[in-house]
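Just so you know, the protein sequences line up as chains S and F, in that order.
In terms of this note's numbering, the first sequence opens at residue 615 and continues consecutively.
In terms of this note's numbering, the second sequence opens at residue 486 and continues consecutively.
Notes follow once the structure below has been shown.
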Amino acid sequence: MLRRDFLKALAASLVVYQQPLLAMNNGEKQPPKVVWVMLRGALDALHTVVPTFESSMKIHRPTLYPSIEHKLLPLAQVSSMQQGYALHPALVNLHQWYQQKQLLPIVAVSSGYPKRSHFEAQDYLESALPVPDLDSGWLARAIALKNKQAIAIAQSTPISLRGSNQHSNTWYPSRLPDAEQQTYQALQQLYQDSPQLLTRLEEGLNMEALLGEKNMQKKQQGSFISLSKSCGQLLSQPTMDCAMLTLGGWDTHKNQTGQLQRQLSLLDKGLQALKTELGEQWDNTLVIVATEFGRTVKENGTRGTDHGTASALFLAGGKIQGGQILGKWPGLQAEQLHQQRDLKATSHHFDWIAASLQQHWQLTDQQVQHIFPTAKVYQGKMFRA
Amino acid sequence: MAMQGSKKEFFNATIATQRFALGARPDEIKKINDNAQQWLLTQLDASPTVTFDHALATANSILIAHTEFTKNRKAFRKQQADKTIPTAMAEMDSANQMSEMQAMSSESKEPEKSKEPKNPHNDFYKALTADALKQTIESENSFNWRCLAFFSNHFSVSAQGQLMTGLAPTLEREAIAPNLYGHFDELLLAVCQHPAMLIYLNNENSIGPSTRFAKKNRGLNENLAREILELHTLGVDGGYQQQDVTELAKGITGWSVFKPGKDKQQGFIYHKGKHEPGTRTLLGKSYPPQGLSQGKQMLKDIANHPSTARFVSTKIVQSFISDQAPEELVNHLTTQWIKTNGHLKSVFQALINHPLSWQTQQQKYKTPYEYVISTYRALAVKKLNIRQVQNALNTLGQRPFKAGSPAGYSDQQQDWDGASALMARVNWASQIAGKKQFAKTNINILIENTFSNTLSTHSYQVITRAESRQQALTLLLLSPEFLTR
Chain S
615 MLRRDFLKAL AASLVVYQQP LLAMNNGEKQ PPKVVWVMLR GALDALHTVV
665 PTFESSMKIH RPTLYPSIEH KLLPLAQVSS MQQGYALHPA LVNLHQWYQQ
715 KQLLPIVAVS SGYPKRSHFE AQDYLESALP VPDLDSGWLA RAIALKNKQA
765 IAIAQSTPIS LRGSNQHSNT WYPSRLPDAE QQTYQALQQL YQDSPQLLTR
815 LEEGLNMEAL LGEKNMQKKQ QGSFISLSKS CGQLLSQPTM DCAMLTLGGW
865 DTHKNQTGQL QRQLSLLDKG LQALKTELGE QWDNTLVIVA TEFGRTVKEN
915 GTRGTDHGTA SALFLAGGKI QGGQILGKWP GLQAEQLHQQ RDLKATSHHF
965 DWIAASLQQH WQLTDQQVQH IFPTAKVYQG KMFRA
Chain F
486 MAMQGSKKEF FNATIATQRF ALGARPDEIK KINDNAQQWL LTQLDASPTV
536 TFDHALATAN SILIAHTEFT KNRKAFRKQQ ADKTIPTAMA EMDSANQMSE
586 MQAMSSESKE PEKSKEPKNP HNDFYKALTA DALKQTIESE NSFNWRCLAF
636 FSNHFSVSAQ GQLMTGLAPT LEREAIAPNL YGHFDELLLA VCQHPAMLIY
686 LNNENSIGPS TRFAKKNRGL NENLAREILE LHTLGVDGGY QQQDVTELAK
736 GITGWSVFKP GKDKQQGFIY HKGKHEPGTR TLLGKSYPPQ GLSQGKQMLK
786 DIANHPSTAR FVSTKIVQSF ISDQAPEELV NHLTTQWIKT NGHLKSVFQA
836 LINHPLSWQT QQQKYKTPYE YVISTYRALA VKKLNIRQVQ NALNTLGQRP
886 FKAGSPAGYS DQQQDWDGAS ALMARVNWAS QIAGKKQFAK TNINILIENT
936 FSNTLSTHSY QVITRAESRQ QALTLLLLSP EFLTR
């Protein structure tokens with residue numbers, strides 16, 4: 615973009631940003647919103663959406679399964695076809711969402727990435743291309759096509775949102791007092807020949823204006839809960855369509871019971887905080903929670919689990935077709951496992967993400983093909999009327 | 486970028502201090518003059534390459550302190566639990582007695598209600614990282630410190646949990662610094678036998694599955710083996726399979742860490758009985774059962790594998806020179822690596838001597854670490870307050886040993902140049918510039934000492950025409966020429 619165009623666009627967006635505070639509270643229905651939550655480190659799905667009907671769980675996981683077995687939160691079965699799953703005891707709010715038909719867990723999914731490196735697998739999940747392009751994320755392609763605005767709650771743009779600079783931004787709380795206004799003006803002059811720095815500076819100033827003084831006063835490095843809360847506030851603006859959150863700490867090679875208890879509780883409370891902030895917009899929101907891959911079916915020698923293949927995916931929102939479990943269960947018998955060690959994937963993340971995004975944002979088949987070239991789009995209805 | 490002057494030597498001196506080392510201290514550029522390459526090559530011969538305060542804690546002393554701490558805490562908690570058992574009457578009685586006793590003897594300073602033993606690890610972490618930061622900021626061999634930081638991040642260990650908080654900073658001091666310019670296989674072995682790495686990646690409890698020590702919840706853990714192959718040596722595309730991960734994991738079963746009070750020997754311990762017996766096959770090569778030597782030979786071979794040479798050479802070029810590593814330079818380093826069996830000094834000599842390393846265009850955006858260190862080096866504070874440096878790294882997002890992942894911190898521009906990250910630097914720089922100790926900074930001298938004559942005319946004018954000294958210093962620290970290297 616030429617600098618002049620950029621400044622024009624910037625001026626326009628500044629005007630837009632000044633309106634929302636008024637528009638925000640009157641409960642008007644805003645355009646559909648998306649929250650993309652990435653759990654980095656590989657969540658152990660068998661410890662999260664637990665297949666209680668598998669009698670071999672205790673054999674595969676002699677210490678891990680008994681640690682939660684009697685406290686699990688059962689998920690009601692929609693039909694007799696469906697088997698008995700249960701949620702980890704820490705997922706109190708998500709369990710309630712499920713009962714309100716606002717949570718849709720999908721089991722045995724993978725990104726299609728065949729190996730077990732965190733970093734490559736995350737690239738796959740964020741890029742959604744057969745050969746990951748670190749400068750082109752699926753969410754970026756979607757917002758560019760639909761001319762939507764996105765914000766990543768992060769220090770810098772994650773891969774998911776790369777490739778659509780005009781449409782996305784980053785925000786992360788800082789703990790320092792603000793520099794003086796004059797310094798910003800001088801910096802704009804200093805960056806006259808450095809377009810990249812100038813862009814970043816303008817974006818940063820926009821963000822701070824957007825969040826308002828109230829938030830800036832109690833600047834704190836965020837825990838996931840407060841980041842989720844800020845995310846909800848930012849997303850409540852009518853001009854903001856989409857946000858990305860990440861939560862790490864899922865690589866549970868060792869003593870995973872306690873670690874997952876803490877992590878899942880954090881996730882549960884954070885998502886609840888997001889819902890609370892979104893208020894009436896919750897009915898208008900699609901939340902997607904995914905992790906790069908699953909973990910070994912058997913626990914390892916140190917009360918943890920190693921890198922595996924299939925994991926679980928969560929869709930949520932006020933109108934999601936929740937209260938049921940989707941995804942074909944591959945089974946836990948030796949011959950049913952992938953390479954005799956991992957839960958086998960029976961579908962890919964993007965089959966489901968593509969379907970929900972298509973229905974939520976009214977994408978054409980062609981657009982879906984562009985955003986998710988590898989997806990076999992799920993054909994069922996993802997939302998309730 | 487338009488340059489003011491044209492004296493080539495000062496370009497090279499600035500590049501040597503900014504790109505290769507960690508930023509110029511006030512007299513450094515003048516001292517280097519037209520000997521930029523020689524200045525760097527000489528550092529490779531420094532002995533020791535970097536200096537630490539050896540009076541500080543070591544991995545061994547931290548492990549001993551940890552055992553002591555957990556023992557005392559357990560005893561304390563047991564004591565507390567026992568105390569709550571007596572009836573309320575007895576408690577009241579004892580409380581009365583206590584206050585009487587205390588009233589009678591004002592000398593009894595030790596109240597009955599003792600405090601829970603203090604976790605020592607935060608103090609270890611603070612002291613050890615403070616030492617490294619101070620030495621780095623004050624060093625005359627800051628190229629060596631960049632090389633150390635590179636490998637410390639290549640073999641990233643994270644300060645997470647009580648024990649690792651104290652232990653993480655010891656890896657670079659004890660395993661990496663002594664092997665900084667030796668052969669890579671020696672460096673790899675030292676790292677893989679160091680308590681910090683063994684504990685961080687869970688190898689200290691990894692037990693051969695067919696040994697008598699294996700039980701239903703005690704056995705193999707492949708975490709360290711996988712990261713060695715993926716992150717430390719071959720790279721994820723280096724041509725290994727899941728089978729190779731498992732085989733290497735078995736090859737290093739029994740590689741563990743001494744238990745204070747139980748083991749006589751300190752540091753690395755090899756438990757023969759927990760080592761998986763039998764022949765291992767890694768990347769198609771067989772390794773007969775030879776106890777400890779089996780795993781050592783496996784590590785040596787992957788350290789000298791051509792994939793390792795290319796993977797680490799690429800990382801070096803990306804880290805030192807450009808995110809888009811020039812193929813020619815990577816090939817040059819890889820060739821040198823293979824020719825010298827991974828002799829790191831030769832590899833760095835190759836980097837220093839190649840013209841592609843000296844292009845005038847600044848192609849690297851400083852990480853928060855580089856940014857903070859180079860700021861403090863440029864300002865050459867007399868009474869350095871290390872807490873400030875530690876807080877700065879915290880605020881800007883790169884606390885030492887807090888990457889939280891064995892892949893370490895990224896040094897690519899796209900991971901650090903977000904809008905919010907820049908705002909954090911703006912706020913930090915203006916706060917630093919507002920400190921009383923810099924109120925008298927002569928901005929022209931600082932520009933000359935930091936950039937020589939390489940600052941663009943535009944930046945020079947905006948900075949020197951700032952409305953206050955404080956603003957001039959803020960702008961200098963935020964200029965494109967200082968944010969990049």
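We put the beta carbon where it would ideally sit given N, CA and C, even for glycine.
Values in this document were obtained by computation on a predicted structure and should not be read as measured data.
Under DSSP, residue 904 of chain S takes part in a beta bridge, and its partners are S/652. Rounded to whole angstroms, residue 744 of chain S and residue 701 of chain F show a C-alpha spacing of 39 Å. Within chain F, 690, 691, 692, 694, 699, 702, 703, 704, 705, 706 have C-beta atoms less than 8 Å from the C-beta of residue 915 of chain S, given in sequence order. In the assembly as shown, residue 753 of chain F is a buried residue. Its beta-carbon has 16 or more other beta-carbons within 10 Å.
For residue 766 of chain F, the enclosing beta strand (DSSP E) begins and ends at 765-767. Contact of residue 786 of chain S with chain F by beta-carbon distance below 7 Å involves 905. Straight through space, the alpha carbons of residue 917 of chain F and residue 516 of chain F are spaced by roughly 27 Å. By the criterion of at least three beta-carbon pairs nearer than 8 Å, the region 710-717 of chain S is not in contact with the region 952-969 of chain S. Interface annotation, residue 519 of chain F: not in contact with chain S, CB-CB separation never under 9 Å. Membership of residue 787 of chain F in any beta strand (DSSP E) is not indicated; the residue belongs instead to the alpha helix (DSSP H) covering 777-788. Within the region 856-889 of chain F, the residues whose Cβ lies closer than 7 Å to some Cβ of chain S are 880, 882, 889, listed in chain order. Taking C-beta atoms under 8 Å as the contact rule, residue 656 of chain S and residue 908 of chain S qualify, at a distance of about 7 Å. Of the other Cβ atoms in all chains shown, fewer than 16 fall within 10 Å of the Cβ of residue 539 of chain F; this residue is therefore exposed. Around the beta carbon of residue 749 of chain S, fewer than 16 other beta carbons sit within 10 angstroms, so the residue counts as exposed. For residue 961 of chain F against residue 930 of chain F, the beta-carbon gap comes to about 11 Å, at or over 8 Å, which does not count as contact.
The Cβ atoms of residue 741 of chain F and residue 688 of chain F sit closer than 9 Å to each other. Across the set F/562, F/693, F/927, F/694, the C-alpha of F/927 shows the shortest separation from the C-alpha of residue 951 of chain F. Within chain S, no residue has its CB atom less than 9 Å from the CB of residue 659 of chain F, the nearest being about 23 Å off. If you draw a 10 Å sphere on the C-beta of residue 675 of chain S, you find 16 or more other C-beta atoms in it, and that means buried. By the Cβ rule, the region 799-816 of chain S counts as touching the region 938-957 of chain F, because three or more pairs are nearer than 8 Å. Interface criterion met: the Cβ of residue 715 of chain F is under 9 Å from a Cβ in chain S. In the three-state scheme derived from DSSP, where H, G and I count as helix and E and B as strand, residue 965 of chain F is classed as helix.
Its Cα nearest to that of residue 723 of chain F, the residue F/795 stands out among F/633, F/776, F/655, F/795. The Cβ of residue 733 of chain S sits closer than 9 Å to at least one Cβ of chain F. For residue 767 of chain S, the enclosing beta strand (DSSP E) covers residues 764-767. Separation of residue 550 of chain F and residue 842 of chain F (C-alpha to C-alpha, rounded to the nearest whole angstrom) is 46 Å.
Looking at the DSSP output, residue 723 of chain S sits in a beta bridge with S/925, S/961.
Straight-line spacing of the CA atoms in residue 497 of chain F and residue 851 of chain F works out to 18 Å. Chain order gives no chain S residues near residue 762 of chain F, where near means a beta carbon separation below 9 Å; the closest approach is about 16 Å.
From the beta-carbon of residue 808 of chain S, the residues of chain F found nearer than 7 Å are 965. Below the 9 Å Cβ cutoff, chain S contributes 796, 800 as neighbours of residue 952 of chain F, in chain order. For the pair residue 745 of chain F and residue 553 of chain F, the Cα-to-Cα distance works out to about 9 Å. Of all residues in the region 802-817 of chain F, none has a C-beta nearer than 8 Å to a C-beta of chain S.
In the DSSP assignment, the residues bridged to residue 742 of chain F are F/753. Residues of the same chain with a CB within less than 7 Å of the CB of residue 746 of chain S, apart from the 5 flanking positions on each side, are 737, 738 in chain order.
No Cβ of chain S is located within less than 9 Å of the beta carbon of residue 558 of chain F.
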